[in-house]
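A.B. asks: This is the structure I have questions about; it appears just below.
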Amino acid sequence: MVLPMLRTTSFALLSVGLLAGPAAALTGDWPQWRGPQRDGNSAETGLLQSWPEEGPALLWKATGLGGGYSAPAILNGKFYGSGYLGEEEHVWCRELSTGNKVWSTKVAPAFRELEFPEGPRATAALDGGQLFTLGAGGNLVCVDLESGKLQWSKDLRGELAGEMMSDWGYSESPLVDGDHVICTPGGSQGCVAAFDRKTGELVWRSTELKDPAAYASLIKIEFAGKPQYVVLTGQSVAGISAADGSLLWRTERVGKTAVVPTPIFTGSHVWVTSGYGVGCNLYELKEDAGKQSATEVYQNRTIKNGQGGALLLGDHVFAASGPLLICMDWRTGETIWRSRSLNRASLTSADGLLILRGEQGEVALVEASAKEYSAKGSFEQGERTEFKSWAHPVVSGGRLYLRDQDSMSCYDLKAK
Numbered sequence: 077m078v079l080p081m082l083r084t085t086s087f088a089l090l091s092v093g094l095l096a097g098p099a100a101a102l103t104g105d106w107p108q109w110r111g112p113q114r115d116g117n118s119a120e121t122g123l124l125q126s127w128p129e130e131g132p133a134l135l136w137k138a139t140g141l142g143g144g145y146s147a148p149a150i151l152n153g154k155f156y157g158s159g160y161l162g163e164e165e166h167v168w169c170r171e172l173s174t175g176n177k178v179w180s181t182k183v184a185p186a187f188r189e190l191e192f193p194e195g196p197r198a199t200a201a202l203d204g205g206q207l208f209t210l211g212a213g214g215n216l217v218c219v220d221l222e223s224g225k226l227q228w229s230k231d232l233r234g235e236l237a238g239e240m241m242s243d244w245g246y247s248e249s250p251l252v253d254g255d256h257v258i259c260t261p262g263g264s265q266g267c268v269a270a271f272d273r274k275t276g277e278l279v280w281r282s283t284e285l286k287d288p289a290a291y292a293s294l295i296k297i298e299f300a301g302k303p304q305y306v307v308l309t310g311q312s313v314a315g316i317s318a319a320d321g322s323l324l325w326r327t328e329r330v331g332k333t334a335v336v337p338t339p340i341f342t343g344s345h346v347w348v349t350s351g352y353g354v355g356c357n358l359y360e361l362k363e364d365a366g367k368q369s370a371t372e373v374y375q376n377r378t379i380k381n382g383q384g385g386a387l388l389l390g391d392h393v394f395a396a397s398g399p400l401l402i403c404m405d406w407r408t409g410e411t412i413w414r415s416r417s418l419n420r421a422s423l424t425s426a427d428g429l430l431i432l433r434g435e436q437g438e439v440a441l442v443e444a445s446a447k448e449y450s451a452k453g454s455f456e457q458g459e460r461t462e463f464k465s466w467a468h469p470v471v472s473g474g475r476l477y478l479r480d481q482d483s484m485s486c487y488d489l490k491a492k
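Everything in the sequence shown is counted per our numbering, starting at 77 for the first residue and increasing by one.
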């Protein structure tokens with residue numbers, strides 16, 4: 077049964093229990109992976125509800141960022157990221173109004189012993205005057221936001237014996253949580269790790285969970301009064317105590333090749349997806365006599381998402397599955413609608429709309445409707461590279477930001 081159409085301007089973002097990462101950002105800021113709440117949903121309003129044939133107006137295009145697939149992180153009039161400039165990995169800061177360089181800092185040698193060696197994948201986390209990001213080779217770094225000075229660096233492979241599920245390189249975007257920075261080295265010494273944000277010293281590892289790291293970025297939630305991190309690997313979905321790294325719950329889930337999309341949490345449920353034929357799962361968390369567990373509600377192949385991520389809006393999940401865009405009831409796994417759209421698209425939401433970016437550089441605007449697929453415009457990003465457009469679209473301050481390896485393009489989304 078198709079549910080009644082929800083008003084797209086009043087979708088409730090059901091993230092009950094989901095805790096923000098970096099401290100509350102200014103309106104329009106996008107200070108970490110998938111935005112302020114780490115869910116891919118923007119609070120922007122007053123945006124164009126349809127695009128002209130040529131797409132929204134291009135305001136500027138900046139170059140010299142270096143190779144890479146990471147999306148920009150935005151805070152206080154600047155945007156930040158990383159890239160390979162020659163054989164060096166740099167973290168950089170740019171002016172939001174023009175794209176002009178503020179600073180650029182070498183943080184590590186370029187790591188090219190991997191599939192798609194063009195550059196780093198992680199989106200930086202910005203908080204308290206610091207930037208934290210993770211290189212494809214496993215170098216976790218902290219940089220001063222104002223000066224660009226490198227404050228500390230940790231080698232997840234060398235110092236922590238980190239292990240990946242396959243050879244695509246570290247792709248997780250780190251999470252800032254109070255005094256700690258959280259990420260997933262993977263491996264027999266503990267899958268998840270917490271570091272002191274000031275010194276980089278290891279605080280704890282999740283020694284009870286020894287899975288190799290996948291490519292998904294963990295999230296912080298609270299369930300039954302216990303703050304925890306939900307981590308998705310190629311072997312498990314698990315909850316790790318934020319206090320000490322102990323294992324609160326785990327359920328087996330075998331993923332293939334590259335398990336990438338960020339988990340979604342609402343109420344007492346965790347929803348995950350991955351590509352290569354695996355599909356999606358919904359788990360219900362329970363606590364009995366102080367012990368937590370996860371029970372599978374459903375598993376299906378309706379949404380097989382490789383890397384573009386999924387959005388929860390009201391009672392519905394929106395995500396790409398190959399060339400299809402799918403709207404699914406997250407509670408039951410029932411398909412509400414599916415439509416051919418952009419191939420292997422990444423997406424974000426803002427003002428009752430979905431913005432999709434296909435891996436070949438095409439961009440589309442779609443109404444975030446639970447009734448039907450309704451296209452509101454599209455355009456081809458001109459003068460792009462031959463590499464996959466895997467950097468997720470970012471909406472901030474009424475503008476759309478699209479990373480294409482060495483360049484960033486900024487488009488005006490504000491209704492006049």
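Beta carbons: idealized from backbone N, C-alpha and C, even for Gly.
Confirm the yes/no value for this check: CB of glycine 195, any heavy atom of the ligand SAH, distance under 7 Å.
C.D. replies: The ligand SAH is not part of the structure shown, which contains no ligands of any sort.
A.B. asks: By Cβ distance below 8 Å, which residues in the same chain neighbour lysine 380 in space, the five residues on each side in sequence not counted?
C.D. replies: The sequence position of residue 380 within the sequence shown is 304, counting from 1. So the list reads Thr349, Ser350, Gly351, Tyr352, Gly353, Val354, Gly355, Cys356, Ser397 and Gly398, once near-sequence residues are dropped.
A.B. asks: List, from N- to C-terminal side, the beta strand (DSSP E) runs of 3 residues or more that fit wholly inside the segment 200 to 252.
C.D. replies: Entirely contained in the segment 200 to 252, the beta strand (DSSP E) runs reaching 3 residues are, in chain order, 201 to 203, 206 to 210, 215 to 220 and 226 to 231.
A.B. asks: Quick one: using the 10 Å Cβ neighbour count with 16 as the cut-off for buried, is proline 469 buried or exposed?
C.D. replies: Locating residue 469 in the sequence shown gives position 393, where the first residue counts as 1. Proline 469 should be labelled buried.
A.B. asks: Where does tyrosine 477 land, buried or exposed, given buried means 16+ other C-beta within 10 angstroms?
C.D. replies: Position 401 of the sequence shown, counted from the start, is the residue given in the question as residue 477. Buried: at least 16 other Cβ atoms inside 10 Å.
A.B. asks: Quick check: the Cα distance between glutamate 120 and glycine 428, rounded to an integer number of angstroms?
C.D. replies: Position 44 of the sequence shown, counting from 1, holds the residue named residue 120. Position 352 of the sequence shown, counting from 1, holds the residue named residue 428. Taking the straight line from one Cα to the other gives about 10 Å.
A.B. asks: I'd like the list of long-range same chain contacts for glycine 245, defined as Cβ closer than 6 Å, with 5 residues on each side in sequence excluded.
C.D. replies: In the sequence shown, counting from the first residue as 1, residue 245 sits at position 169. Hits under 6 Å: Leu190 and Ala212.
A.B. asks: In angstroms with no decimal places, state the Cα-to-Cα distance between isoleucine 258 and proline 128.
C.D. replies: Translated into the one-based positions of the sequence shown, residue 258 becomes position 182. Translated into the one-based positions of the sequence shown, residue 128 becomes position 52. Cα-Cα distance, rounded: 42 Å.
A.B. asks: Residues in the same chain with beta-carbon distance under 6 Å from glycine 473, minus the five sequence neighbours each way, listed in chain order, please.
C.D. replies: For this step, residue 473 is matched to residue 397 along the sequence shown. These residues qualify, in order along the chain: Gly104.
A.B. asks: What are the uninterrupted segments assigned as beta strand (DSSP E) that are 3 or more residues long and contained completely in the segment 126 to 176, given in chain order?
C.D. replies: Qualifying beta strand (DSSP E) stretches, in chain order: 133 to 138, 149 to 151, 154 to 161 and 164 to 171.
A.B. asks: Going by other Cβ atoms of all chains shown within 10 Å of its Cβ, with 16 needed for buried, is tyrosine 487 buried or exposed?
C.D. replies: Here residue 487 refers to the residue found at position 411 of the sequence shown. Per the 10 Å Cβ criterion, buried.
A.B. asks: What does the Cβ neighbour count give for asparagine 176, buried or exposed, with the cut at 16 atoms within 10 Å?
C.D. replies: One-based indexing of the sequence shown puts residue 176 at position 100. It is exposed - the Cβ of asparagine 176 has fewer than 16 other Cβ atoms within 10 Å.
A.B. asks: Mapping DSSP to helix, strand and coil, what is alanine 99?
C.D. replies: Looking up residue 99 in the sequence shown gives position 23. Here alanine 99 scores only 42 on pLDDT, less than 50, and its place in the model should not be relied on; the value that follows carries that caveat. If DSSP states are grouped into helix, strand and coil, alanine 99 belongs with coil.
A.B. asks: To which residues of the same chain is glutamine 265 closer than 8 Å at the C-beta, ignoring the five residues directly before and after it?
C.D. replies: Here residue 265 refers to the residue found at position 189 of the sequence shown. Hits under 8 Å: Leu236, Ala237, Arg281, Thr283 and Lys286.
A.B. asks: Please say whether threonine 199 and alanine 147 have beta carbons closer to each other than 8 Å?
C.D. replies: Along the sequence shown, one-based indexing puts residue 147 at 71. Along the sequence shown, one-based indexing puts residue 199 at 123. Yes, Cβ-Cβ distance for alanine 147 and threonine 199 is below 8 Å.
A.B. asks: Would you give the residue range spanned by the beta strand (DSSP E) that arginine 414 belongs to?
C.D. replies: Taking the sequence shown and counting its residues from 1, one reaches residue 414 at position 338. From DSSP, the beta strand (DSSP E) with arginine 414 extends over 411 to 416.
A.B. asks: Using three-state DSSP, classify threonine 342 as helix, strand or coil.
C.D. replies: Here residue 342 is taken as the residue at index 266 of the sequence shown, counted from 1. Here threonine 342 sits in strand by DSSP.
A.B. asks: Within the same chain, show all residues whose beta-carbon is closer than 6 Å to that of valine 373, passing over the 5 residues directly before and after it, in chain order.
C.D. replies: As a first step, residue 373 is located in the sequence shown; it is residue number 297 there, counting from the start. For valine 373, where only same-chain residues beyond five positions count, the Cβ hits under 6 Å are Leu358 and Glu360.
A.B. asks: Let me know if alanine 101 comes out buried or exposed under the rule of 16 or more other beta-carbons within 10 Å of its beta-carbon.
C.D. replies: As a first step, residue 101 must be located in the sequence shown, where it is residue number 25. Residue placement at alanine 101 is flagged as unreliable, the pLDDT there being 44, under the threshold of 50; the coordinate-derived value follows with that caveat. Burial call: buried.
A.B. asks: How is aspartate 291 classed by DSSP in three states: helix, strand or coil?
C.D. replies: On the sequence shown, position 215 is the one that residue 291 refers to. Residue 291 is actually tyrosine in this sequence, not aspartate. Coil at tyrosine 291, not helix or strand.
A.B. asks: Could you tell me which of Ala440, Leu251 and Asn152 sits nearest to aspartate 115, measuring between CA atoms?
C.D. replies: Locating residue 115 in the sequence shown gives position 39, where the first residue counts as 1. Of Ala440, Leu251 and Asn152, the residue nearest in Cα terms is Leu251.
A.B. asks: Apply the 10 Å Cβ neighbour rule to valine 471 and answer buried if 16 or more other Cβ atoms are within range, or exposed otherwise.
C.D. replies: As a first step, residue 471 is located in the sequence shown; it is residue number 395 there, counting from the start. When all chains shown are included, valine 471 counts as buried.
A.B. asks: Assuming alanine 149 contacts leucine 202 (C-beta within less than 8 Å), just tell me the rounded distance between them.
C.D. replies: Reading the sequence shown from its first residue, position 73 is the one you call residue 149. Reading the sequence shown from its first residue, position 126 is the one you call residue 202. Yes, they are in contact, since the Cβ atoms of alanine 149 and leucine 202 sit about 5 Å apart, within 8 Å.
A.B. asks: Could you tell me the alpha carbon to alpha carbon distance between alanine 184 and threonine 408, rounded to whole angstroms?
C.D. replies: Residue numbering aside, residue 184 sits at position 108 when the sequence shown is read from its first letter. Residue numbering aside, residue 408 sits at position 332 when the sequence shown is read from its first letter. If you take the alpha carbons of alanine 184 and threonine 408, they lie about 46 Å apart.
A.B. asks: To the nearest angstrom, report how far apart glycine 310 and leucine 123 are at their CA atoms.
C.D. replies: As a position in the sequence shown, residue 310 is number 234, starting the count at 1. As a position in the sequence shown, residue 123 is number 47, starting the count at 1. Each residue's Cα considered, the two are about 38 Å apart.
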